[in-house]
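In numbering that gives the first Met the number 0, the protein residues as written are 0 to 521.
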Amino acid sequence: MRVSKPISRVVIVGGGTAGWLSACLVAAHARRSADRPLTVTLIESPDVPTVGVGEGTWPTMRGTLERIGISEKQFLLACDASFKQGSRFDGWVTGASDDRYHHPFVAPPAGHPRDLVAAWQVDAGPLPFAEAVSAQPRVCQLGLAPRQAAMPGFAGALNYAYHLDAGKLAALLAGHGTRQLGVRHIRDHVDAVVRDDGGDIRAAQTRTSGEIAGDLFIDCTGHAALLIGATLDVPFRNRSDVLFNDRALAVQVPTPADSPIASQTVATAHAAGWLWDIALPTRRGIGCVYSSAHAGDDQAEATLRTYLGRAIPTADTAGLPIRRLAFRSGHRERFWERNCLAVGLSAGFLEPLEASAIVLIELSLTALLDNLPATRDAMDLHARRFNELFLYRWDRIVEFLKLHYVLSAREEPYWRDHRDPGSVPDRLRDLLRLWQDQPPSSYDLPHADEVFPAASYQYVLYGMGFPPPPGAQGTVPSGVRNGLTQARQRARVLASSLPTNRQYLDALRLAAATPTPVEHVT
Ligand SMILES: Cc1cc2nc3c(=O)[nH]c(=O)nc-3n(C[C@H](O)[C@H](O)[C@H](O)COP(=O)(O)OP(=O)(O)OC[C@H]3O[C@@H](n4cnc5c(N)ncnc54)[C@H](O)[C@@H]3O)c2cc1C
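As structure tokens, this is what we get:
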């Protein structure tokens with residue numbers, strides 16, 4: 000009988016957010032499963048920089064940090080991080096000064112979506128949908144933190160994620176992974192990938208450290224996709240026919256120590272794309288995302304500078320370096336091929352709208368570790384299932400991002416092109432027809448762990464002025480009606496009890512800088 004090869008050596012190539020999250024999650028998993036000895040090696044090129052952006056996360060990051068064994072305090076301090084409670088979209092419908100809506104992380108109260116929309120229509124007066132069904136938009140408007148300092152780490156009065164400094168996150172994970180979790184770190188460039196007779200990857204050939212052999216390889220080489228693309232030749236599925244953005248300009252603006260820290264990512268539409276604005280305790284990360292088919296680099300830079308002048312008029316931004324990034328909207332046709340899993344940018348990237356990239360890294364690792372094959376024999380079956388699940392997820396994300404564009408009434412060519420029926424995926428077109436009759440529901444998004452659940456679609460749809468279905472003025476069950484009343488009451492209570500982001504994070508820094516008094520026993 001053939002003895003199948005055990006999976007005991009995991010080799011990760013790439014040391015950006017994807018590489019270090021993968022290394023820490025696999026190593027922490029190995030520590031918890033003593034019966035499955037695993038070694039984890041991460042190889043990181045000293046010559047290829049990380050992409051260095053990616054500052055908006057999802058609530059999943061709290062569980063990820065907890066699994067890895069990093070405390071919330073340690074993370075907030077080390078990564079210059081702040082709290083994120085969703086996104087606000089400015090100017091996406093008409094571009095008028097009062098054109099804005101929220102996509103919060105807190106889901107609407109339980110109830111049938113039709114009843115929820117009816118309760119909003121009947122009971123909530125002029126309140127926009129998100130503000131009628133969730134306390135979180137109000138908390139964000141006031142710049143409040145989602146938790147009080149006395150709460151246990153990672154617990155909140157409201158669901159939340161983080162904004163962070165990507166470089167500092169990679170450094171924190173690298174220190175923790177190597178010192179606490181036993182990750183072997185090799186700083187070397189991978190020159191070639193060596194395959195065995197059957198076609199699997201046998202080793203990464205490094206410039207000075209020799210061959211690093213493994214049983215399972217995780218490709219975290221970013222856009223280079225050295226293993227999944229250049230070696231295993233898995234085709235790339237281009238999605239730029241649906242999502243046009245392919246360029247970004249990014250700038251970091253230092254902010255005064257007493258400046259407010261916004262509780263949400265602010266995404267502001269412009270003539271050929273949108274701008275992100277992410278506030279950390281010491282700086283704002285601001286970027287202009289655009290389609291090179293609709294705007295030149297100079298035009299995009301002018302848009303960015305106009306925004307900077309308006310959003311931070313007191314800052315001298317003229318001399319700040321602007322990073323220029325180019326990307327291709329799309330993803331691999333398969334993410335797990337043979338004994339190689341692609342995670343992060345090597346697997347694909349669409350655009351930063353709704354920050355779906357880091358959460359896909361986390362979800363990929365969860366799916367891998369929940370099903371970690373013991374031997375090579377089972378691997379192809381796991382790979383097939385993984386690929387089906389993640390193709391489903393990428394397709395849903397493409398549709399959800401496109402939704403933000405097709406609902407716009409803006410008239411610039413970029414926005415008109417986005418509404419061209421030929422650029423709208425068939426499934427999204429059908430759903431838009433269906434949502435004229437009934438609100439988005441779990442029948443439209445039937446997986447238990449959808450990346451964007453029906454609630455997210457409701458927030459975007461009604462935030463952008465999509466008409467509620469006919470009959471949404473009917474009788475409302477009292478449970479749903481109470482849910483909306485409670486959301487408004489909760490907004491008032493939280494407004495008077497939560498600290499601002501700035502107060503919370505300043506107090507955290509002060510406490511960390513203050514030496515703990517030593518007790519002298521005489
Ligand atoms: C403009 C923009 C904004 C974004 N904003 C967000 C956001 O708000 N939220 C979010 O979730 N995501 C965002 N993302 C995506 C996010 O930045 C990435 O998903 C994340 O940083 C992971 O990148 P990575 O680790 O896959 O790749 P990279 O950071 O590019 O790292 C690649 C690594 O591979 C190594 N490498 C490459 N070649 C070799 C070789 N031959 N040998 C050895 N090592 C090698 C490099 O040294 C590096 O360490 C954004 C992306 C862009 C472009």
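Glycine included, every Cβ here is placed at the ideal spot set by N, Cα and C.
These numbers come from a predicted model, not from an experiment.
Determine the extent of the beta strand (DSSP E) in which residue i is found, giving its start and end residues.
{"i": "Lys83", "result": "Ser81 to Lys83"}
{"i": "His293", "result": "Careful: His293 lies outside any beta strand (DSSP E) and carries neither H nor E."}
{"i": "Asn237", "result": "Phe235 to Asn237"}
{"i": "Asp505", "result": "Careful: Asp505 lies outside any beta strand (DSSP E), inside the alpha helix (DSSP H) at Asn500 to Ala512."}
{"i": "Tyr161", "result": "Ala160 to His162"}
{"i": "Thr177", "result": "That residue, Thr177, is in no beta strand (DSSP E); its alpha helix (DSSP H) goes Ala165 to Gln179."}
{"i": "Gln435", "result": "Run containing Gln435: none; DSSP gives neither H nor E here."}
Helix, strand or coil for residue i? Go by DSSP, reduced to three states.
{"i": "His222", "result": "helix"}
{"i": "Trp19", "result": "helix"}
{"i": "Ile357", "result": "helix"}
{"i": "Thr374", "result": "strand"}
{"i": "Ala408", "result": "coil"}
{"i": "Gly329", "result": "strand"}
{"i": "Glu65", "result": "helix"}
{"i": "Glu350", "result": "coil"}
{"i": "Val520", "result": "Only weak support exists for where Val520 lies, its pLDDT of 49 falling under 50; the value from the coordinates is given anyway. DSSP places Val520 in coil when its eight states are reduced to three."}
{"i": "Ile260", "result": "coil"}
{"i": "Ser559", "result": "This structure leaves residue 559 out entirely; the chain is present only between 0 and 521."}
{"i": "His446", "result": "coil"}
{"i": "Thr365", "result": "helix"}
{"i": "Ile11", "result": "strand"}
{"i": "Arg35", "result": "coil"}
{"i": "Arg415", "result": "helix"}
{"i": "Met0", "result": "Below a pLDDT of 50, predicted positions are generally treated as unreliable, and Met0, at 49, falls in that range; no measurement from the model is reported."}
{"i": "Val25", "result": "helix"}
{"i": "Ala191", "result": "strand"}
{"i": "Pro469", "result": "coil"}
{"i": "Ala315", "result": "According to the sequence provided, residue 315 is Asp. The question's Ala does not apply to it. DSSP places Asp315 in coil when its eight states are reduced to three."}
{"i": "Pro420", "result": "helix"}
{"i": "Thr207", "result": "coil"}
{"i": "Thr474", "result": "coil"}
{"i": "Thr302", "result": "helix"}
Look up residue i in the DSSP assignment and give the residues it is bridged to.
{"i": "Ala247", "result": "Val288 and Leu324"}
{"i": "Leu524", "result": "The shown model of the chain, from 0 to 521, leaves out residue 524, and the question about it has no answer."}
{"i": "Glu43", "result": "Arg186"}
{"i": "Val50", "result": "The partner list for Val50 (beta bridge, DSSP) is empty, contrary to what the question assumes."}
{"i": "Pro253", "result": "Arg282"}
{"i": "Pro5", "result": "Thr374"}
{"i": "Ala212", "result": "Ala202"}
{"i": "Gly55", "result": "His162"}
{"i": "Val265", "result": "Arg87 and Asp276"}
With the cut-off set at 8 Å, would you say residue i and residue j are in Cβ contact?
{"i": "Ser239", "j": "Ser328", "result": "yes"}
{"i": "Ser455", "j": "Phe389", "result": "no"}
{"i": "Ala17", "j": "Gly343", "result": "yes"}
{"i": "Val10", "j": "Ala203", "result": "yes"}
{"i": "Arg206", "j": "Asp190", "result": "yes"}
{"i": "Cys287", "j": "Thr302", "result": "yes"}
{"i": "Thr49", "j": "Leu20", "result": "no"}
{"i": "Val47", "j": "Ala223", "result": "yes"}
{"i": "Ser81", "j": "Leu279", "result": "yes"}
{"i": "Leu352", "j": "Trp273", "result": "yes"}
{"i": "Val241", "j": "Arg282", "result": "no"}
{"i": "Gly110", "j": "Gly478", "result": "yes"}
{"i": "Pro36", "j": "Ser440", "result": "no"}
{"i": "Arg66", "j": "Ala27", "result": "yes"}
{"i": "Pro108", "j": "Ala486", "result": "yes"}
{"i": "Gly347", "j": "Phe128", "result": "no"}
{"i": "Trp275", "j": "Ala266", "result": "yes"}
{"i": "Ala294", "j": "Phe243", "result": "no"}
{"i": "Arg392", "j": "Val459", "result": "no"}
{"i": "Leu215", "j": "Glu54", "result": "no"}
In the DSSP assignment, find the alpha helix (DSSP H) that holds residue i and state where it starts and stops.
{"i": "Thr484", "result": "Ser477 to Ser496"}
{"i": "Tyr391", "result": "Met378 to Val405"}
{"i": "Ala271", "result": "Taken as a continuous stretch (DSSP letters only), Ala271 belongs to no alpha helix (DSSP H), as it is neither H nor E."}
{"i": "Val459", "result": "Ala453 to Gly462"}
{"i": "Glu71", "result": "Glu71 to Ala77"}
Does ligand 3 have even one heavy atom less than 7 Å from the beta-carbon of residue i?
{"i": "His101", "result": "Ligands in the displayed structure: ligand 1; ligand 3 is not one of them."}
Residue i CB to nearest chain C CB: under 8 Å?
{"i": "Leu248", "result": "In the structure shown, chain C does not exist; there is a single protein chain."}
Q) Which residue spans inside the segment 90–154 form an unbroken alpha helix (DSSP H) run of at least 4? A) 112–122, 128–132 and 135–140, all fully within the segment 90–154.
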